[in-house]
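**Q** Per this note's numbering: the sequence shown ends with 1571, consecutive numbering throughout. We put the beta carbon where it would ideally sit given N, CA and C, even for glycine.
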Amino acid sequence: MRKQSSTNLENEILINGNCDMAYTLDLIGGRWKPSILWRLAYGAMRYSDLRRSLPAVSERILILQLREMESDGLISRKVYPEVPPRVEYQLTDLGKSLEPVINILTDWGSENRPGSEKKRVRCQILLP
């Protein structure tokens, strides 16, 4: 957690408050957020399935990124009153509205990645 009076936080608030692009990148920024959003675009997923589908991400980081996206209104979390507990995540309407953005970023990366074969690749780590 950053200090509320830190220069870094003040700059982030200034930039995100005045630049729509920076705000968008802040919402989807993070190593695993695009992967999580991409997976949830196919439908709701249980936490355990998300965890299994992203073996390279630590549990701590996955939980942190899920909480951030839930706080930002991109995903919703539903807890079922069962034993053992079942938690499911899905995109909200706001999260679904990012699908074209993710597609455009994917296309740009496919076209501009150094050494790429100029073919559309949907990041193997992203797809089940």
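1. According to the Cβ coordinates, are A1465 and I1458 closer than 7 Å?
2. Measuring CA to CA, which of L1493, S1514 and G1558 is closest to S1478?
3. With DSSP collapsed to three states, give me the class of L1534.
4. Alpha helix (DSSP H) containing Y1466: first to last residue?
5. Which term fits K1521, buried or exposed, when burial requires 16 or more other beta carbons within 10 angstroms of its beta carbon?
6. From what residue to what residue does the beta strand (DSSP E) around V1522 run?
7. Does the beta-carbon of Y1532 have 16 or more other beta-carbons within 10 angstroms, so that it is buried, or is it exposed?
8. Any idea what DSSP makes of R1474, helix, strand or coil?
9. Candidates S1501, V1526, L1537 and R1529: which alpha carbon is nearest D1515's?
10. Might you give, ordered along the chain, the residues of its own chain that have their beta carbon closer than 8 Å to the beta carbon of M1488, omitting 5 neighbours on each side?
11. To which residues does DSSP link R1529 through a beta bridge?
12. Tell me the residue span of the alpha helix (DSSP H) that contains Y1490.
13. D1463 to I1456, Cα distance in whole Å?
**A** For this structure:
1. yes
2. L1493
3. strand
4. D1463 to I1471
5. exposed
6. I1518 to Y1523
7. buried
8. coil
9. L1537
10. R1482, S1496, E1531, Y1532 and Q1533
11. Y1523
12. Y1490 to S1496
13. 12 Å
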